[in-house]
Each structure stands twice: as structure tokens, then as C-alpha cells.
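*Asks:*
2 protein chains.
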Amino acid sequence: KIPKPTVKRLAIYYRCLAKLKEDNVEKTSSQEIAYILGIKASQVRKDLSYFGEFGKRGVGYDVDKLSFKLREILGLNKSWNVAIIGAGNLGNAIANYSGLEKNGFRVVAAFDNDEKKIGKYISTNVKIYKMEDLEEIIRDNLIEIAILTVPAQAAQNVSELVIKKGIKGILNFTPATITVPLNISVENVDFVVSLKSLTFALGFLFEK
Amino acid sequence: KIPKPTVKRLAIYYRCLAKLKEDNVEKTSSQEIAYILGIKASQVRKDLSYFGEFGKRGVGYDVDKLSFKLREILGLNKSWNVAIIGAGNLGNAIANYSGLEKNGFRVVAAFDNDEKKIGKYISTNVKIYKMEDLEEIIRDNLIEIAILTVPAQAAQNVSELVIKKGIKGILNFTPATITVPLNISVENVDFVVSLKSLTFALGFLFEK
Ligand SMILES: NC(=O)c1ccc[n+]([C@@H]2O[C@H](COP(=O)([O-])OP(=O)(O)OC[C@H]3O[C@@H](n4cnc5c(N)ncnc54)[C@H](O)[C@@H]3O)[C@@H](O)[C@H]2O)c1
Ligand SMILES: NC(=O)c1ccc[n+]([C@@H]2O[C@H](COP(=O)([O-])OP(=O)(O)OC[C@H]3O[C@@H](n4cnc5c(N)ncnc54)[C@H](O)[C@@H]3O)[C@@H](O)[C@H]2O)c1
Numbered sequence: 001k002i003p004k005p006t007v008k009r010l011a012i013y014y015r016c017l018a019k020l021k022e023d024n025v026e027k028t029s030s031q032e033i034a035y036i037l038g039i040k041a042s043q044v045r046k047d048l049s050y051f052g053e054f055g056k057r058g059v060g061y062d063v064d065k066l067s068f069k070l071r072e073i074l075g076l077n078k079s080w081n082v083a084i085i086g087a088g089n090l091g092n093a094i095a096n097y098s099g100l101e102k103n104g105f106r107v108v109a110a111f112d113n114d115e116k117k118i119g120k121y122i123s124t125n126v127k128i129y130k131m132e133d134l135e136e137i138i139r140d141n142l143i144e145i146a147i148l149t150v151p152a153q154a155a156q157n158v159s160e161l162v163i164k165k166g167i168k169g170i171l172n173f174t175p176a177t178i179t180v181p182l183n184i185s186v187e188n189v190d191f192v193v194s195l196k197s198l199t200f201a202l203g204f205l206f207e208k
Numbered sequence: 209k210i211p212k213p214t215v216k217r218l219a220i221y222y223r224c225l226a227k228l229k230e231d232n233v234e235k236t237s238s239q240e241i242a243y244i245l246g247i248k249a250s251q252v253r254k255d256l257s258y259f260g261e262f263g264k265r266g267v268g269y270d271v272d273k274l275s276f277k278l279r280e281i282l283g284l285n286k287s288w289n290v291a292i293i294g295a296g297n298l299g300n301a302i303a304n305y306s307g308l309e310k311n312g313f314r315v316v317a318a319f320d321n322d323e324k325k326i327g328k329y330i331s332t333n334v335k336i337y338k339m340e341d342l343e344e345i346i347r348d349n350l351i352e353i354a355i356l357t358v359p360a361q362a363a364q365n366v367s368e369l370v371i372k373k374g375i376k377g378i379l380n381f382t383p384a385t386i387t388v389p390l391n392i393s394v395e396n397v398d399f400v401v402s403l404k405s406l407t408f409a410l411g412f413l414f415e416k
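Those protein sequence lines, which keep their order, are chains A and B.
Note that the first sequence covers residues 1 to 208 in the numbering used here.
Note that the second sequence covers residues 209 to 416 in the numbering used here.
(1) Give me the chain A residues within the contact set of G411(B), using Cβ-Cβ distance strictly less than 7 Å, ordered along the chain.
(2) Quick one: what's got a C-beta closer than 7 Å to A409(B)'s C-beta in the same chain, skipping five residues either side?
(3) Against chain B, does K8(A) count as a neighbour if the rule is that its beta carbon must be under 9 Å from one of theirs?
(4) Check the C-beta distance from L228(B) over to T236(B) and give it rounded, since I have them as a contact under 8 Å.
(5) Counting Cβ pairs closer than 8 Å, one from the stretch 353 to 363 of chain B and one from the stretch 322 to 337 of chain B, do we hit at least three?
(6) Looking at the C-beta of V192(A), does it have a partner C-beta in chain B at a distance below 9 Å?
(7) Check the Cβ-Cβ distances between E395(B) and every residue of chain A, and say whether any is below 9 Å.
(8) Tell me whether P383(B) is buried or exposed, calling it buried when 16 or more other Cβ atoms sit within 10 Å of its Cβ.
(9) Determine the extent of the alpha helix (DSSP H) in which N396(B) is found, giving its start and end residues.
(10) For F51(A), I'd like the list of residues in its chain whose CB is within less than 7 Å of its CB, leaving aside the five on either flank, ordered along the chain.
(11) By Cβ distance, which residues of its chain are closer than 6 Å to Q31(A), with the 5 residues on each side in sequence left out?
(12) Is it the case that the CB of D322(B) approaches a heavy atom of ligand 2 more closely than 8 Å?
(13) Can you tell me which of the three DSSP states V233(B) falls into?
(14) Determine, using beta carbons only, whether P389(B) comes closer than 9 Å to chain E.
(15) Which residue comes first and which comes last in the alpha helix (DSSP H) that contains A301(B)?
(16) Name the DSSP bridge partner or partners of K335(B)?
(17) For A318(B) and Y337(B), which I take to be in contact (beta-carbon distance under 8 Å), what is that distance rounded to the nearest angstrom?
(18) I want to see whether chain A comes within less than 9 Å of K227(B), judged by CB atoms only; does it?
(19) Compute the Euclidean distance between the alpha carbons of A87(A) and V290(B), then round it to the nearest angstrom.
(20) List, in chain order, every chain A residue whose beta-carbon is nearer than 7 Å to that of I345(B).
(21) Tell me, please, whether the stretch 397 to 408 of chain B touches the stretch 365 to 378 of chain B by the rule of three or more beta-carbon pairs shorter than 8 Å.
(22) With distances taken between CB atoms, is the gap from K78(A) to T407(B) smaller than 9 Å?
(23) Would you list the one or two residues that DSSP bridges to K82(A)?
(24) Can you pull out the residues from the stretch 157 to 176 of chain A whose beta carbon lies closer than 7 Å to at least one beta carbon of chain B?
(25) Enumerate in chain order the residues of its own chain whose CB-to-CB distance from R139(A) is below 7 Å, with the five nearest sequence positions on each side excluded.
(26) Taking the alpha-carbon positions, what's the L17(A) to L76(A) distance?
(27) Do you know offhand how far K127(A)'s Cα is from V162(A)'s?
(28) Along the chain, where does the alpha helix (DSSP H) that runs through I170(A) open and close?
(29) Give the range of the alpha helix (DSSP H) segment to which E343(B) is assigned.
(30) Helix or strand or just coil, what does DSSP make of D320(B)?
(31) If we ignore side chains and look at the alpha-carbon of each, how far apart do I345(B) and N391(B) end up?
(32) Note down, in chain order, every chain B residue with its Cβ under 8 Å from the Cβ of I145(A).
(33) Taking the beta carbon of S98(A) as the centre, do at least 16 other beta carbons fall within 10 Å, making it buried, or is it exposed?
(34) Does R314(B) get closer than 9 Å to chain A when you measure Cβ to Cβ?
(35) Using CA coordinates, which residue listed in L90(A), V108(A), V25(A), W80(A) is at the minimum distance from V63(A)?
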């Protein structure tokens, strides 16, 4: 079982390699990746060693090969159908975010319990459905991932509901901590944590 | 100088302690914090040791005291005025996010280069200004942090512009990597990285 922090770092290595690829860099090293990301080279080597031998000591890694391997590991070679639960301000922004499709994530449906929103389009191809339609739409569209953008107080109940209807992974944007069965994956997104890191750095730099 | 990964963890410890406080927990330990967050207790102790003695071996930490200390360290005792640059879908969602004010971040203005948006309100109290007004509004409102929600191709130029007008810290939501002077802080937010961690966990659990 790969530790969760390692998985997170693998996704960040993958993004780093994608940028190197864009810049037409053919070879890289754990030192270079570590330098770019501000972490230790030994950490990079340790993480990659879980998955076998990619690089040669002194020669480094082939960017294409390593990027392809990370894609495989991260399950990026398949595309994923996604549902947005909670078609409010944030749900709307996410439905219209082109970065998702580029990365193999297709928003196929949105759900909301506000009658006024049902039947409207959240983005060009994505309709807003009522919660009662969850099971049918999840099943017909093989949706495995739900993006949770409902208010915090609805988070736990809505999570339990979508899991019951077939969802296997939840990207939780609410400030609530949700509790799910062991075989269900959850990722929490909280950009306020990033804002706080920013204020710390600012305080540090300017001794507030 | 505190390593960046440590700063990030401190912000996450703070959030964890805030939840313990909500649940009326008075005492905690590095083991409990570590267990909740899925990291090593030794990591928690090491991070907190940068800032002095908080806990007693065998007795643990006082939740209130530790939470207060982390608030201080993270610069959370002060409130911060924030500007949103790029009043589009995502900028709109963020301007309307009540979680910001609760955490001491006040959105005081938004900026955009789309003439049709100038003069409109992005949220109840926040007006959209033209880019030419940056300097005056940043100065009059003591704005130190900019939330960058412009398209990727505009990110670097817009960053340089707001820094020139007085911004000290940037929360970058664009997929572009921005380059800034050494005394300016940047935090990158990319929830697609979290989606990829999710797919890895799903692939791992269901051997896709
Ligand atoms: N807006 C942001 O930038 C931002 C940032 C970080 C976190 N968040 C969090 O994301 C969530 C959504 O934020 P928002 O600004 O889009 O809020 P919002 O109020 O605009 O949207 C919430 C939507 O969820 C729907 N809803 C409410 N209860 C529901 C239920 N039981 N079942 C189905 N749908 C339900 C509402 O009808 C509404 O359309 C909140 O938890 C918020 O704290 C938002
Ligand atoms: N929508 C999301 O959920 C999401 C998620 C992650 C990242 N992002 C990123 O956030 C950014 C904004 O996304 P969005 O969906 O809100 O896009 P959007 O197109 O709706 O909004 C962009 C806004 O920026 C303005 N703008 C463009 N160039 C500008 C310039 N030079 N100066 C000032 N304003 C300018 C536009 O007029 C528009 O109002 C993009 O970089 C996107 O990749 C969005």
C-alpha cells in the first residue's frame, strides 16, 4: 500500500514532468525535480523507487518514459466521468473549467436540490438534474467521481447518498470533514490552507 | 527559515486543532494529531519543536494554547485585505465564499480588463474595477494579497503588474507557473492534482 503523501507527491512529479516535456527537456534527474519543487532529492528517489527502476545512477531519468509511467500509476491513461453535486457558485466555476477535460476528467452531469436549477445547463454540455436521478445517471454514465460543492452542513448526508448510488471517489470542496467507508476515496480541497501558508510567508518576510 | 513543507503542515495542524476545539476537546497529543491527519507523530513533534515547548511529554498539548500559538505563527491574528484579479467564473465563486471572511480574509476589490464587467458587483460589497485603478485601490485599502484567477496566458504579465502596484503575496489559481522576485510570496492552487490523487487511489483500490 503506497502512503498517501507519496501519492500526492507522485501527482506533483507528474505535473512537473509535463512542464519539462512542454519545454522540450529530454532528460532530468531527482536533483532537478527536487530543486524545481523545493523538496529533497532523496525524497524523489525514494518515492519513485516504489515503482521500479526508472533511472540510471549518474544518467538520470528519461522525461517521456518517466512521465508515461507516472500517467499509468496515477490512472491517467483512462478518462473519468465526473458528477458535480451542488450547482452553486463553485460548482458552476468547476463545470466551466477547461483544465478538467484536458486532464481526462469529463463532467457529465450536475445535481442539485434547488428546484429552480433543475433542467438548466451549468455549462454547454452539462445539465443540472434532481437528486432523485442520481442512481440512473451514475449508472448510465459510469460515473465514479463526485465533486462535492454543497454547503458544509449538507456534506455528510450528500456524500452518503452518492456513495449509496455508486460513487467511488469524492473530491470534497466543503469545509466539512466527511466520513466514508474504507473502500471509498476522499480528497479534501481547501484553498484557505494555501492562503494561510501565504500569510505565514508574508509575516515571516516582513516580520508582522 | 522554516521549510515550506513545514509551513503547509502548520496550517493543516491549525485546521485540525480548530476542529478539535469545535468538538470541545481540551487536550491532544502529537499521536492524536498525527492519527487524524494520517502522518507520523514524530513529524508533528518535529514541526512544532521549531517554535518552542508547547507540550509536556506524557501530558500532551493544551488545544487552546497550541491553537492560539499556531494562529500567531500563521499570522492569522491579523486580518488581510485581498483583491481578486480576473472576475470570471472562478473569481466570482471565490468572491462569494463566506469561508474567507471567517478566516480573516476580506475581499475588498476585484479587477478585470473586460469593459463589460467594470463597475459591476462581483458580490454584495465587492465592485469590479479596471486594471488602471490597481495602484490607487491597493494603496487606499492596504491590499497585500492578490487572488489570481485570470486565464493562464495572462498570468505572468498580470502578476508582474500587481506586484509593481504593491501586492506582496499571490494565490495563483491558474495552471501557469509564475516567476516573481524573491521577496514576493506565491502559493499555487491546483485541484486537478487532488483529482489525480483520487484516481490513483481508485485505481489502487479497484486495480484498473
Ligand atoms: N465558492 C468558493 O470559492 C469556495 C471555496 C472553497 C470552498 N467552498 C465550499 O464549496 C461549497 C459550495 O460553495 P458555493 O460558494 O458554490 O455555495 P453555493 O451556496 O453557491 O452553492 C451550493 C449549492 O448546493 C446546493 N445544495 C444545497 N444543499 C444541497 C443538498 N442537500 N443536495 C444537493 N444540493 C444542495 C444549493 O442549491 C446550491 O446550488 C461550500 O461548502 C463552500 O464552503 C467554496
Ligand atoms: N474554473 C475553475 O474551477 C478553475 C479551477 C482551477 C483553475 N482555474 C483557472 O483559474 C483561471 C480562471 O478560470 P475561470 O474559469 O474563472 O476563467 P474565466 O474565463 O471565466 O475568467 C477569467 C477572467 O479573467 C479576465 N481576464 C482575462 N485576461 C485578463 C487580464 N490580462 N487582466 C485582467 N483580467 C483578465 C477575463 O475578462 C475573465 O473575466 C484560469 O486560469 C483557469 O485555468 C479555474
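Glycine included, each C-beta is placed from N, C-alpha and C at the ideal position.
Here the structure is a predicted model, which is why all the values come from computation and not from measurement.
*Replies:* Taking the structure as given:
(1) Numbered from 1 along the second sequence, position 203 holds the residue referred to as residue 411(B). Under the 7 Å cutoff, chain A gives G75.
(2) For the purposes of this step, residue 409(B) is identified with residue 201 of the second sequence, where counting begins at 1. Answer for A409(B): no residue qualifies.
(3) The sequence position of residue 8(A) within the first sequence is 8, counting from 1. Chain B contact via Cβ: present.
(4) Taking the second sequence and counting its residues from 1, one reaches residue 228(B) at position 20. Taking the second sequence and counting its residues from 1, one reaches residue 236(B) at position 28. Indeed, because the Cβ distance is near 6 Å, the residues count as touching under 8 Å.
(5) no
(6) Against the first sequence, residue 192(A) aligns to sequence position 192. So yes, V192(A) belongs to the interface.
(7) As a first step, residue 395(B) must be located in the second sequence, where it is residue number 187. Yes, E395(B) counts as interfacial toward chain A.
(8) Sequence index remark: in the second sequence, residue 383(B) carries index 175 (1-based). P383(B) comes out buried.
(9) For the purposes of this step, residue 396(B) is taken as the residue at position 188 of the second sequence. N396(B) -> not in any alpha helix (DSSP H); beta strand (DSSP E) instead, spanning 393 to 396.
(10) Here residue 51(A) refers to the residue found at position 51 when the first sequence is read from its first residue. Hits under 7 Å: K69, I73.
(11) Counted from its first residue, the first sequence places residue 31(A) at position 31. Cβ neighbours of Q31(A) beyond the five flanking positions: A41.
(12) Numbered from 1 along the second sequence, position 114 holds the residue referred to as residue 322(B). At least one heavy atom of ligand 2 is nearer than 8 Å to the Cβ of D322(B), so yes.
(13) By one-based count along the second sequence, residue 233(B) stands at place 25. DSSP places V233(B) in coil when its eight states are reduced to three.
(14) No chain E is part of this structure, whose protein chains are labelled A and B.
(15) The residue you call residue 301(B) lines up with position 93 of the second sequence. Note, A301(B): alpha helix (DSSP H), 297 to 303.
(16) For the purposes of this step, residue 335(B) is taken as the residue at position 127 of the second sequence. For K335(B), which the question treats as bridged, DSSP gives the partners Y329(B).
(17) On the second sequence, position 110 is the one that residue 318(B) refers to. On the second sequence, position 129 is the one that residue 337(B) refers to. That belief holds up - the Cβ atoms of A318(B) and Y337(B) are roughly 7 Å apart, short of 8 Å.
(18) Within the second sequence, residue 227(B) is the residue found at index 19, counting from 1. Judged by the 9 Å Cβ criterion, K227(B) is in contact with chain A.
(19) Taking the first sequence and counting its residues from 1, the one referred to as residue 87(A) is at position 87. Taking the second sequence and counting its residues from 1, the one referred to as residue 290(B) is at position 82. For A87(A) and V290(B), the distance between alpha carbons rounds to 26 Å.
(20) As a first step, residue 345(B) must be located in the second sequence, where it is residue number 137. Within 7 Å Cβ-Cβ: nothing; I345(B) doesn't reach chain A, min ~19 Å.
(21) At 8 Å Cβ cutoff, the stretches do not touch.
(22) Reading the first sequence from its first residue, position 78 is the one you call residue 78(A). Reading the second sequence from its first residue, position 199 is the one you call residue 407(B). Yes. Within cutoff.
(23) For the purposes of this step, residue 82(A) is taken as the residue at position 82 of the first sequence. This sequence places Val at residue 82(A); Lys is not what is there. Paired residues: V107(A), I145(A).
(24) K168, G169, L171, P175
(25) Sequence index remark: in the first sequence, residue 139(A) carries index 139 (1-based). Only G166 meet the Cβ criterion.
(26) Within the first sequence, numbered from 1, the residue matching residue 17(A) stands at position 17. Within the first sequence, numbered from 1, the residue matching residue 76(A) stands at position 76. C-alpha separation (whole angstroms): 14 Å.
(27) For the purposes of this step, residue 127(A) is taken as residue 127 along the first sequence, with counting starting at 1. For the purposes of this step, residue 162(A) is taken as residue 162 along the first sequence, with counting starting at 1. Distance between the alpha carbons of K127(A) and V162(A) is about 17 Å.
(28) Numbered from 1 along the first sequence, position 170 holds the residue referred to as residue 170(A). That residue, I170(A), is in no alpha helix (DSSP H); its beta strand (DSSP E) goes 169 to 172.
(29) To locate residue 343(B), count along the second sequence from 1; it is residue 135. Counting along the chain, the alpha helix (DSSP H) containing E343(B) begins and ends at 342 to 348.
(30) Residue 320(B) sits at position 112 when you count from the first residue of the second sequence. Three-state DSSP puts D320(B) in a strand.
(31) Position 137 of the second sequence holds residue 345(B). Position 183 of the second sequence holds residue 391(B). Roughly 22 Å between the two C-alpha positions.
(32) The residue you call residue 145(A) lines up with position 145 of the first sequence. Among the residues of chain B, those whose CB is under 8 Å from the CB of I145(A) are L403, L406, T407, L410, following chain order.
(33) As a position in the first sequence, residue 98(A) is number 98, starting the count at 1. S98(A) is exposed by the Cβ-count criterion.
(34) The residue given as residue 314(B) occupies position 106 in the second sequence. Output row for R314(B): interface = no.
(35) Position 63 of the first sequence, counted from the start, is the residue given in the question as residue 63(A). The option with the nearest alpha carbon to V63(A) is V25(A).
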